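Each remark here refers to the structure printed beneath this line.
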């Protein structure tokens, strides 16, 4: 894993969002958080992804955010290397691959329980309530002020593997249970 150290206090905080730029991924709440953050600390935010919001909204927030549009996967490594923190405040998500990628690059992640991610609150980043711009801002300030250091253990790979195995076992158990129940139901008829 490519581990990063946070910027020294006084440098700008580099914030990255990657994904479809729309409500489902929680972009309105990140943009609101950036407005709250403006004037408190120096920061730059880059948003990579196809834009699913009105052009007027993009213009409204151009002072706090750089909308890159769709970025080829071959260029994403440059963005992860550039960033200090990854934010994906999803409203509804299966399990966002970009969170795994950000963790792999050693970035703390700010996300929601609805993102379906494996982020451990206070260890790999922060879990915030959905639609809570203030919580996003608070956690960005924690990271910037050094009140939080990446505490990812060296066994992130084993944690991901354990998480995958548990998820796979749960899925298998559900399938098996469903299969057995349906088998008994068919015998009953």
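In the working numbering, the protein residues as written are 3 to 191. Every residue, glycine too, gets a C-beta built ideally from N, C-alpha and C. Computed from a predicted structure; not experimentally measured.
Of the residues assessed, residue 57 falls on the exposed side of the cut-off, its CB having fewer than 16 other CB atoms within 10 angstroms. Contact between the stretch 26-40 and the stretch 85-102 is established, with three or more Cβ pairs separated by less than 8 Å. Between residue 48 and residue 18 the beta-carbon gap is near 6 Å, inside 8 Å, which marks them as a contact. DSSP links residue 100 through a beta bridge to no other residue.
By the criterion of at least three beta-carbon pairs nearer than 8 Å, the stretch 95-102 is not in contact with the stretch 128-137. Residue pairing by DSSP places residue 17 opposite 47 and 87 in a beta bridge. According to the DSSP secondary-structure assignment, residue 125 is paired through a beta bridge with no residue. Of the residues 55, 77, 68 and 54, the one whose Cα lies closest to the Cα of residue 16 is 68. Here residue 101 is not near residue 87, since their CB atoms are 9 Å or more apart.
For residue 138, the uninterrupted alpha helix (DSSP H) segment begins and ends at 135-146.
Per DSSP, the continuous alpha helix (DSSP H) segment holding residue 29 begins and ends at 29-39.
In this structure, residue 51 lies away from residue 66, with their beta-carbon atoms at least 9 Å apart. The bridge partners DSSP lists for residue 120 come to none. Ranked by Cα distance from residue 45, the first of 118, 35 and 80 is 35.
If you draw a straight line from the Cα of residue 53 to the Cα of residue 32, it is about 14 Å long.
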